[in-house]
Amino acid sequence: MQPERRDTRSRRSVLRGAGVLGGLVGATGLSSATPGRDPGPKQTELLLGIKSTYARDSADGTERTARDAVPADATVVHSNEQLEYVAVELPAELPAEAVDRIRDALESNDAVEYVEENATLQSLYTPNDPYYDSQHAPQQVNCEAAWAETLGDDDVTIAVVDQGVEYDHENLVGNLDDRVGAVFVGRGSDPEPLSRDDTHGTLVAGIAAGETGNGTGQAGISNCSLLAARALDEQGRGALSDIADAIQWAADEGVDVINLSLGSSSGLWTLENACEYATERGALVVAAAGNSGGSVMYPAAYDDVLAVSAVTSRDRLASFSNRGSEIDLAAPGQNLLSTTLNDGYDRVSGTSAAAPVVAGVAGLVRSVYPGLSSSALREHLRDTAADIGLSSAAQGAGRVDAGNAVTTAPEGYDGPDERDDDEAGEDDEDSENDDDSEDGETHLLSFVTEPDARFAGYEFTATGPVEFTTAPGQTPSGGTIEGGTYSAEDYIEEDDGTWHAGGVTGGGQGDAFSVEGAITSIEIGQPDVMWVELDGERLSPEEVIEETAGDGDDGTEDGADEGDGDGDDEPDDDGDDEDEPQCGDETNTARVEGDLDGSGWWPDTARWRYTPQTANPCELTLTLEGPSDSDVGLYITRDGRRPTQWDADASATDTGDSQSLTTALESDDEIRILVTATGGSGTYTLELTEQGY
59 MQPERRDTRS RRSVLRGAGV LGGLVGATGL SSATPGRDPG PKQTELLLGI
109 KSTYARDSAD GTERTARDAV PADATVVHSN EQLEYVAVEL PAELPAEAVD
159 RIRDALESND AVEYVEENAT LQSLYTPNDP YYDSQHAPQQ VNCEAAWAET
209 LGDDDVTIAV VDQGVEYDHE NLVGNLDDRV GAVFVGRGSD PEPLSRDDTH
259 GTLVAGIAAG ETGNGTGQAG ISNCSLLAAR ALDEQGRGAL SDIADAIQWA
309 ADEGVDVINL SLGSSSGLWT LENACEYATE RGALVVAAAG NSGGSVMYPA
359 AYDDVLAVSA VTSRDRLASF SNRGSEIDLA APGQNLLSTT LNDGYDRVSG
409 TSAAAPVVAG VAGLVRSVYP GLSSSALREH LRDTAADIGL SSAAQGAGRV
459 DAGNAVTTAP EGYDGPDERD DDEAGEDDED SENDDDSEDG ETHLLSFVTE
509 PDARFAGYEF TATGPVEFTT APGQTPSGGT IEGGTYSAED YIEEDDGTWH
559 AGGVTGGGQG DAFSVEGAIT SIEIGQPDVM WVELDGERLS PEEVIEETAG
609 DGDDGTEDGA DEGDGDGDDE PDDDGDDEDE PQCGDETNTA RVEGDLDGSG
659 WWPDTARWRY TPQTANPCEL TLTLEGPSDS DVGLYITRDG RRPTQWDADA
709 SATDTGDSQS LTTALESDDE IRILVTATGG SGTYTLELTE QGY
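Just so it is clear: in the sequence shown, position 569 is 627 by the working numbering, and no numbers are missing.
Shown next as structure tokens:
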């Protein structure tokens with residue numbers, strides 16, 4: 059959670075952990091970028107915010123003030139006078155305790171506003187099947203009606219902050235701004251891709267500003283000018299300082315829209331300051347909500363940023379899309395056709411693809427209403443959005459509607475209006491109410507656990523839409539009942555009219571869903587510590603299915619045992635499910651050995667990575683033994699971020715020289731492991747047992 063803002067920030071409230079951010083779009087250059095800065099993560103750096111009274115009101119300025127504040131074993135390697143921060147590099151071999159002492163010393167300095175790690179940003183998009191032969195995003199957001207008024211003015215500029223952009227692509231070069239862009243990381247001064255795998259910035263740029271009406275390739279949302287800022291490396295990773303610098307540079311260049319397909323689970327002062335800086339200079343900052351299926355990530359969650367969720371071509375919330383009260387708009391984000399390297403075209407999915415759809419629409423609106431402020435532009439996009447029947451946490455004000463936004467005069471707008479008055483206010487009510495024919499009673503379905511439940515899994519199917527929700531009250535043990543909180547496991551998917559949902563909970567907590575229509579099947583992994591509630595009443599899975607009329611004419615869950623004539627009252631034991639895959643049908647084991655010396659003042663550590671090996675993984679058990687006579691710890695993350703003793707998805711830290719933990723596992727997980735030892739030295743073994751279906 060992001061710390062609260064106030065005029066004078068408490069140094070103790072600043073986040074200490076490095077957020078894992080996802081970079082989704084290309085970036086332009088920075089006038090104040092430090093030459094020769096390597097691209098990618100900068101894990102040995104801290105960022106220091108300098109108070110304005112020192113940075114602006116003294117003759118020393120930001121960098122000189124910082125140099126006076128840092129200790130001898132730290133070096134100021136980069137500064138940004140506009141955003142009033144510096145990057146400080148620490149020796150790579152410095153122990154964690156020494157780093158903490160340096161941070162404490164810096165935070166106690168009167169000139170320092172905040173201290174945070176130079177967090178790493180990571181690309182979040184996933185390219186999809188390149189052989190789809192049609193587009194749906196421009197049609198879905200009603201671009202045709204907008205294009206009848208304007209294809210986009212080349213005086214309106216959209217900046218893409220990301221990897222490099224192949225700006226001479228046959229379908230981008232016509233909309234390229236004369237300034238081209240700038241470089242914040244990597245070689246040279248040309249914001250082109252760094253390698254053949256560096257495609258993300260080009261894909262995002264093509265969605266927002268691929269040339270339309272030129273008889274070539276796909277149609278981008280707008281023909282506004284494109285400015286490219288390269289701030290991420292070939293893997294889509296970038297340091298927080300590089301991203302912030304790129305945002306500041308784009309704002310100083312006077313761009314109208316800045317697209318940030320980036321995401322961090324933590325609020326970061328430097329990133330927020332950069333977004334505020336851009337907004338204050340008239341730019342609308344658009345950001346992706348994130349692709350973990352959980353809460354809205356930063357910078358999208360900041361007040362000054364327009365947050366975008368992703369919907370499918372059928373206007374359903376994409377299963378990967380994050381959601382929450384911070385969402386402003388939804389946009390298509392699944393299988394969008396766009397530009398890629400070597401004058402090619404490819405498909406891309408993610409909120410990283412949805413954000414540039416909104417950025418392109420914002421460019422169209424600015425083209426017709428050039429006097430519109432960034433805040434008024436944001437509200438106008440919300441006011442003219444199409445309600446597609448999702449919750450506000452999923453769609454915000456609705457799915458962005460280019461035609462409605464362009465052909466409807468903004469409330470109170472007194473600037474130049476370049477459209478024909480007799481075509482304003484076209485009624486698009488029919489397109490907004492496509493789903494009004496859907497019916498079915500809405501139920502509250504909850505999965506509740508006992509306090510000793512761990513990673514209790516469940517799945518269900520339904521005939522109507524399913525959404526995460528929060529149930530009133532608490533569990534018997536005082537826990538909350540809220541769906542979607544475990545973003546790595548909780549999911550909702552729709553397949554040809556059937557809704558599939560599931561997740562993992564435990565510890566006396568619960569998950570809740572709003573279900574429209576019939577519930578047709580329910581599976582519970584640990585029925586001894588989990589139960590089901592329908593509209594607040596505890597029922598068996600069979601009773602829930604019957605109550606919602608999900609059994610149809612067959613009358614049983616999964617066609618189990620009723621009416622088969624064998625008199626068996628155990629639906630799971632009559633042989634019907636023998637062919638159903640079970641977790642544990644396939645296994646894979648891995649084992650490593652190493653040495654740790656925790657006899658010093660601080661723990662010794664070792665790190666490992668693991669990639670799922672079974673075809674359909676479901677569970678991973680890790681067992682750590684030794685060194686003997688040590689207190690050992692085991693920490694893991696599932697999303698590829700670097701685990702620490704303070705930031706991990708699961709951990710085992712009981713006193714003693716052995717630990718074991720079990721976690722759910724999916725095929726796209728990237729497991730990273732931290733092993734610690736204190737008070738002893740010797741050999742340890744780490745064994746992993748993976749189970750799959």
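Don't be surprised by glycine CBs; every beta carbon is placed ideally from N, CA and C.
For residue 405, which three-state DSSP category applies?
Walking along the sequence shown from the start, residue 405 turns up at place 347. In the structure shown, residue 405 sits in a strand (DSSP, three-state: E or B).
With residue 558 as the anchor, note down where its alpha helix (DSSP H) starts and where it stops.
The residue given as residue 558 occupies position 500 in the sequence shown. For residue 558, there is no enclosing alpha helix (DSSP H); the enclosing beta strand (DSSP E) has its first and last residue at 556 to 563.
So is residue 407 buried or exposed if we call it buried at 16+ other beta carbons inside 10 Å?
Position 349 of the sequence shown holds residue 407. Result: buried.
Neighbourhood of residue 401 by C-beta distance below 7 Å, restricted to the same chain and skipping five residues each side
By one-based count along the sequence shown, residue 401 stands at place 343. Excluding positions up to five away in sequence, the list reads 227, 228.
contact_flag[the stretch 510 to 520, the stretch 574 to 584] where n(CB pairs < 8 Å) is 3 or more:
Counting Cβ pairs under 8 Å, three or more are found: they touch.
Cβ neighbour criterion (16 or more within 10 Å) applied to residue 495:
The residue labelled residue 495 in the question sits at position 437 within the sequence shown. Unreliable positioning characterises residue 495 in this predicted model, as indicated by a pLDDT of 31, which lies under 50. The coordinate reading is nonetheless provided below. Result: exposed.
Pair within 8 Å by beta-carbon distance, residue 732 and residue 663
Translated into positions along the sequence shown, residue 732 becomes position 674. Translated into positions along the sequence shown, residue 663 becomes position 605. Residue 663 sits close to residue 732, with the two beta carbons spaced by under 8 Å.
Under DSSP, the beta strand (DSSP E) around residue 524 begins and ends at which residues?
For the purposes of this step, residue 524 is identified with residue 466 of the sequence shown, where counting begins at 1. From DSSP, the beta strand (DSSP E) with residue 524 extends over 524 to 527.
In whole angstroms, what separates the C-alpha of residue 737 from that of residue 685?
Within the sequence shown, residue 737 is the residue found at index 679, counting from 1. Within the sequence shown, residue 685 is the residue found at index 627, counting from 1. Between the alpha carbons of residue 737 and residue 685 lies a distance of about 10 Å.
Top-ranked residue by Cα proximity to residue 720, from 700, 742, 747, 741:
Here residue 720 corresponds to residue number 662 of the sequence shown, with the count starting at 1. Out of 700, 742, 747, 741, 747 has the C-alpha closest to the C-alpha of residue 720.
Span separating the alpha-carbon of residue 329 from that of residue 595:
Counting from one through the sequence shown, the residue named residue 329 turns up at place 271. Counting from one through the sequence shown, the residue named residue 595 turns up at place 537. In this model, residue 329 and residue 595 are separated by some 45 Å (Cα to Cα).
Starting from residue 194, trace the beta strand (DSSP E) in both directions and tell me its first and last residue.
Here residue 194 is taken as the residue at index 136 of the sequence shown, counted from 1. From DSSP, residue 194 is part of no beta strand (DSSP E); its letter is neither H nor E.
CA-to-CA distance, residue 678 to residue 724, given in whole angstroms:
If you number the sequence shown from 1, residue 724 lands on position 666. If you number the sequence shown from 1, residue 678 lands on position 620. Straight-line Cα distance between these residues: approximately 9 Å.
Hey, would you say residue 171 sits closer than 8 Å to residue 107, going by beta carbons?
Taking the first residue of the sequence shown as 1, we reach residue 171 at position 113. Taking the first residue of the sequence shown as 1, we reach residue 107 at position 49. Yes. Within cutoff.
Is the distance from the Cβ of residue 354 to the Cβ of residue 380 below 8 Å?
Residue numbering aside, residue 354 sits at position 296 when the sequence shown is read from its first letter. Residue numbering aside, residue 380 sits at position 322 when the sequence shown is read from its first letter. For residue 354 and residue 380, yes; Cβs fall inside 8 Å.
Which residues in the same chain have their Cβ closer than 6 Å to the Cβ of residue 681, if we skip the five residues on either side of it in sequence?
Within the sequence shown, the letter at position 623 stands for residue 681. Excluding sequence neighbours, residue 681 sits near 718, 745.
Residue 730, DSSP secondary structure in three states:
Start at 1 with the first residue of the sequence shown, and residue 730 comes out as number 672. Strand at residue 730.
Mind checking which residues open and close the alpha helix (DSSP H) that includes residue 453?
For the purposes of this step, residue 453 is taken as the residue at position 395 of the sequence shown. Per DSSP, the continuous alpha helix (DSSP H) segment holding residue 453 begins and ends at 450 to 453.
For residue 291, the nearest candidate out of 437, 138, 249, 213 (CA to CA):
The count along the sequence shown starts at 1 and reaches residue 291 at position 233. The option with the nearest alpha carbon to residue 291 is 249.
In the DSSP assignment, find the beta strand (DSSP E) that holds residue 676 and state where it starts and stops.
Counting from one through the sequence shown, the residue named residue 676 turns up at place 618. Annotation: the continuous beta strand (DSSP E) that includes residue 676 extends over 675 to 683.
Rounded separation between residue 671 and residue 751 - CA only
Here residue 671 corresponds to residue number 613 of the sequence shown, with the count starting at 1. Here residue 751 corresponds to residue number 693 of the sequence shown, with the count starting at 1. If you draw a straight line from the Cα of residue 671 to the Cα of residue 751, it comes to about 12 Å.
Residues of its chain near residue 202, where Cβ-Cβ distance is below 8 Å and the 5 sequence neighbours each way are ignored:
One-based indexing of the sequence shown puts residue 202 at position 144. Excluding residues up to 5 positions away in sequence, 196, 461 lie with their Cβ nearer than 8 Å to the Cβ of residue 202 in the same chain.
Straight-line Cα distance separating residue 151 from residue 139:
Working through the sequence shown from its first residue, we reach residue 139 at position 81. Working through the sequence shown from its first residue, we reach residue 151 at position 93. Those two C-alpha atoms are separated by around 29 Å.
Classify residue 232 as helix, strand or coil using the three-state DSSP reduction.
Locating residue 232 in the sequence shown gives position 174, counting from the first residue. If DSSP states are grouped into helix, strand and coil, residue 232 belongs with the helices.
I'd like the list of long-range same chain contacts for residue 241, defined as Cβ closer than 6 Å, with 5 residues on each side in sequence excluded.
Here residue 241 corresponds to residue number 183 of the sequence shown, with the count starting at 1. Taken in chain order, the residues that qualify are 87, 247, 249, 288.
By DSSP's criteria, residue 515 is part of a beta bridge. Which residues make up the other side?
Numbered from 1 along the sequence shown, position 457 holds the residue referred to as residue 515. Residue pairing from DSSP places residue 515 in a beta bridge opposite 562.
Please state whether DSSP places residue 354 in a helix, a strand or coil.
Translated into positions along the sequence shown, residue 354 becomes position 296. The three-state secondary structure of residue 354, taken from DSSP, is coil.
Quick one: grab the DSSP three-state call for residue 414.
Stepping through the sequence shown from its first residue, residue 414 is reached at position 356. DSSP places residue 414 within a helical segment (H, G or I) once states are collapsed to three.
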